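Trainee:
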Amino acid sequence: MDKDRLREDVIRIMREMIPIKALAPENGGEGELDRAIFLQEYIKPFFDEVRRIDAPDPRAKGGIRPNIIARAKGRTQGEKTLWVIAHMDTVPEGDPALWRYPPFQATVEGNRIYGRGVEDDGQGIVEGILLAESARDEGLSGVGLILASDEEVGSKYGIQHILKVEPNLIKPSDLVIVPDAGSPDGSKIEVAEKGILWLRVSVEGRQTHASTPGKGLNAARLGMRLALEIDQFLHERYNAVDPTFDPPTSTFEPTRREKNVDNVNTIPGTDVSYFDCRILPTYRVNDVLEDVKRLAESFCSIYGCKARVDVVNREDPSQPTSPNSPVVSMLANALRETRGIIATPIGIGGGTYAKYLRELGIPTAVWMTIDETAHSPNEYMVIDNAVKDVETLLAVLRGIQTDS
Numbered sequence: 002m003d004k005d006r007l008r009e010d011v012i013r014i015m016r017e018m019i020p021i022k023a024l025a026p027e028n029g030g031e032g033e034l035d036r037a038i039f040l041q042e043y044i045k046p047f048f049d050e051v052r053r054i055d056a057p058d059p060r061a062k063g064g065i066r067p068n069i070i071a072r073a074k075g076r077t078q079g080e081k082t083l084w085v086i087a088h089m090d091t092v093p094e095g096d097p098a099l100w101r102y103p104p105f106q107a108t109v110e111g112n113r114i115y116g117r118g119v120e121d122d123g124q125g126i127v128e129g130i131l132l133a134e135s136a137r138d139e140g141l142s143g144v145g146l147i148l149a150s151d152e153e154v155g156s157k158y159g160i161q162h163i164l165k166v167e168p169n170l171i172k173p174s175d176l177v178i179v180p181d182a183g184s185p186d187g188s189k190i191e192v193a194e195k196g197i198l199w200l201r202v203s204v205e206g207r208q209t210h211a212s213t214p215g216k217g218l219n220a221a222r223l224g225m226r227l228a229l230e231i232d233q234f235l236h237e238r239y240n241a242v243d244p245t246f247d248p249p250t251s252t253f254e255p256t257r258r259e260k261n262v263d264n265v266n267t268i269p270g271t272d273v274s275y276f277d278c279r280i281l282p283t284y285r286v287n288d289v290l291e292d293v294k295r296l297a298e299s300f301c302s303i304y305g306c307k308a309r310v311d312v313v314n315r316e317d318p319s320q321p322t323s324p325n326s327p328v329v330s331m332l333a334n335a336l337r338e339t340r341g342i343i344a345t346p347i348g349i350g351g352g353t354y355a356k357y358l359r360e361l362g363i364p365t366a367v368w369m370t371i372d373e374t375a376h377s378p379n380e381y382m383v384i385d386n387a388v389k390d391v392e393t394l395l396a397v398l399r400g401i402q403t404d405s
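Numbering-wise, the sequence shown is residues 2 to 405 according to the working numbering.
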């Protein structure tokens, strides 16, 4: 494995890919088509088969959300495939003033590349491509790569669509690694994910002039009060601890607030806020939802307002991957062989494509070596981390072919 060449390849791919924005329509973008066209052409030399399974979406450029399926086929019909599954879409950059460098320009500084999406999930994309390139150079086969859309806002047009159209694409005997979460030393292998519940909490009062508050019902004040009551209630009620997960508790975070009035001297008649809830598998997502609805109903009876609780996104937790499954065992062996690392299975609060694979009974490991800068200003990836990960993935691939 030529590590110097791989470093150059990491930089080249990032510099070409990151300026091609891939934002979902929900995030003010046109989707992933332009990025997919670039990647589809780039990876052709490393695979026997490159095709697309697109999902229709009239909001996106071209009316589609693209999904790329690539395979370097095995030498025999029964040979296992090592699948690497990454996502092409990114979140928006946020406040550009918080960035040291232009967010959609991959900027190399020493051993780091800065830019929106370089870690999440540009590094995963690069690792899948370079695994295929390195495997070809070594005469190894059996590499599969899926580059999908829509991971950041629910995966409906990405991995869910792929598995619906081709449910038998991945065989139960195949190994699946999703490079979309990890740790700085690469020792953590994610095998479980919390349930996810995004809530929109709308409060309706009565709008009036700010100088005559008695004529109205201040939805801003009521919305803040209700949000605080929900926040306190959920943290007190759902307080179990599971050390498998990081963090080890359920999390209930008030996040976004919608704009209400344009001027300072008007008391708003509506207030809309959002919660991001990450729920341990110990609890049922539906119980959390019903508790919040009951609390809102009780709140309205006390304060004389109206309130509505809507689900923006819901993902019930899937069955965890066993730490003794072949994919986890072989990845752990490869980490010990290539880095001298003892791997630790963990659970996370973030949602990844792994959930949908696990629901089909496909054991899936989520892993890569990252400094965990996703979604933050000055997001970066470490070039040497990607190179080391490719070396480890190659060791997994060799292990599969020895097994076969």
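Note that the Cβ used here is the ideal one computed from N, Cα and C, for glycine as well.
Keep in mind that this is a model prediction, so the values were computed, not measured.
1. Would you list, in sequence order, the uninterrupted beta strand (DSSP E) runs of no fewer than 3 residues that lie entirely inside the segment 159 to 183?
2. Exposed or buried, what is E167 when buried is set at 16 or more other beta-carbons lying within 10 Å of its beta-carbon?
3. Ends of the alpha helix (DSSP H) at Y43?
4. Let me know the secondary structure DSSP gives D311 once reduced to three states.
5. Quick check on R60: does DSSP put it in helix, strand or coil?
6. Below 8 angstroms CB to CB, which residues in the same chain sit around I280 once its five sequence neighbours on both sides are set aside?
7. Below 8 angstroms on the Cβ atoms is my guess for A221 versus P180; work out the distance and round it to an integer in Å.
8. What's the gap between the Cα of I171 and the Cα of L146?
9. According to the Cβ coordinates, are D55 and N68 closer than 8 angstroms?
10. For the pair the segment 359 to 368 and the segment 174 to 189, tell me if three or more CB-CB distances fall below 8 angstroms.
11. Tell me whether the segment 203 to 218 and the segment 299 to 314 touch, counting them as touching only if at least three CB pairs, one residue from each stretch, are closer than 8 angstroms.
12. Out of K157, P244, N325 and G224, state which residue places its alpha-carbon closest to the alpha-carbon of Y275.
13. With a Cβ-Cβ cutoff of 8 angstroms, do V127 and A396 count as a contact?
14. What span of residues does the beta strand (DSSP E) with P255 cover, start to end?
15. Kindly identify the DSSP beta-bridge partner or partners of T370.
16. Under 8 angstroms, with one C-beta from each stretch per pair, do the segment 146 to 157 and the segment 103 to 111 reach the 3-pair mark?
17. Which residues bound the alpha helix (DSSP H) around S302?
18. Give the range of the beta strand (DSSP E) segment to which R201 is assigned.
19. Which residues in the same chain as L141 place their Cβ atom closer than 6 angstroms to its Cβ, once the five residues preceding and following it in sequence are excluded?
20. Need the endpoints of the beta strand (DSSP E) that Y115 sits in, please.
21. Apart from the five residues just before and just after E31, which ones in its own chain have a Cβ nearer than 8 angstroms to its Cβ?
Mentor: With the given structure in hand:
1. 176 to 179
2. Position 166 of the sequence shown, counting from 1, holds the residue named residue 167. When all chains shown are included, E167 counts as exposed.
3. Here residue 43 refers to the residue found at position 42 of the sequence shown. Its alpha helix (DSSP H) spans residues L34 to I44.
4. Your numbering for residue 311 matches position 310 in the sequence shown. The answer is strand: DSSP assigns D311 an E or B state.
5. Your numbering for residue 60 matches position 59 in the sequence shown. Coil.
6. Taking the first residue of the sequence shown as 1, we reach residue 280 at position 279. Excluding residues within five positions, the ones whose Cβ falls inside 8 angstroms are K195, G196, I197, L198, Y239, S251, V286, V289 and P318.
7. Here residue 221 refers to the residue found at position 220 when the sequence shown is read from its first residue. Here residue 180 refers to the residue found at position 179 when the sequence shown is read from its first residue. At roughly 43 angstroms, the Cβ-Cβ gap does not stay under 8 angstroms, so A221 and P180 are not in contact.
8. Taking the sequence shown and counting its residues from 1, the one referred to as residue 171 is at position 170. Taking the sequence shown and counting its residues from 1, the one referred to as residue 146 is at position 145. Between I171 and L146, the C-alpha separation is close to 11 angstroms.
9. In the sequence shown, the residue the question calls residue 55 occupies position 54. In the sequence shown, the residue the question calls residue 68 occupies position 67. Remark: C-beta atoms of D55 and N68 approach each other more closely than 8 angstroms.
10. yes
11. yes
12. As a working note, residue 275 is residue 274 in the sequence shown. The shortest C-alpha separation from Y275 is found at G224.
13. Taking the first residue of the sequence shown as 1, we reach residue 127 at position 126. Taking the first residue of the sequence shown as 1, we reach residue 396 at position 395. It is not a contact, given that the beta carbons lie outside the stated cut-off.
14. Walking along the sequence shown from the start, residue 255 turns up at place 254. Its beta strand (DSSP E) spans residues T252 to R258.
15. Position 369 of the sequence shown, counting from 1, holds the residue named residue 370. According to DSSP, which records beta bridges pairwise, T370 is partnered with S184.
16. no
17. Translated into the one-based positions of the sequence shown, residue 302 becomes position 301. Unbroken alpha helix (DSSP H) run through S302: V286 to Y304.
18. For the purposes of this step, residue 201 is taken as residue 200 along the sequence shown, with counting starting at 1. G196 to E205 is the span of the beta strand (DSSP E), which, as asked, contains R201.
19. Looking up residue 141 in the sequence shown gives position 140. Only L398 meet the Cβ criterion.
20. For the purposes of this step, residue 115 is identified with residue 114 of the sequence shown, where counting begins at 1. It spans R113 to Y115 - the beta strand (DSSP E) in which Y115 sits, taken as one unbroken run.
21. On the sequence shown, residue 31 is found 30 positions in, with the first residue counted as 1. Result list for E31: K22, L24, A61 and K62, in chain order.
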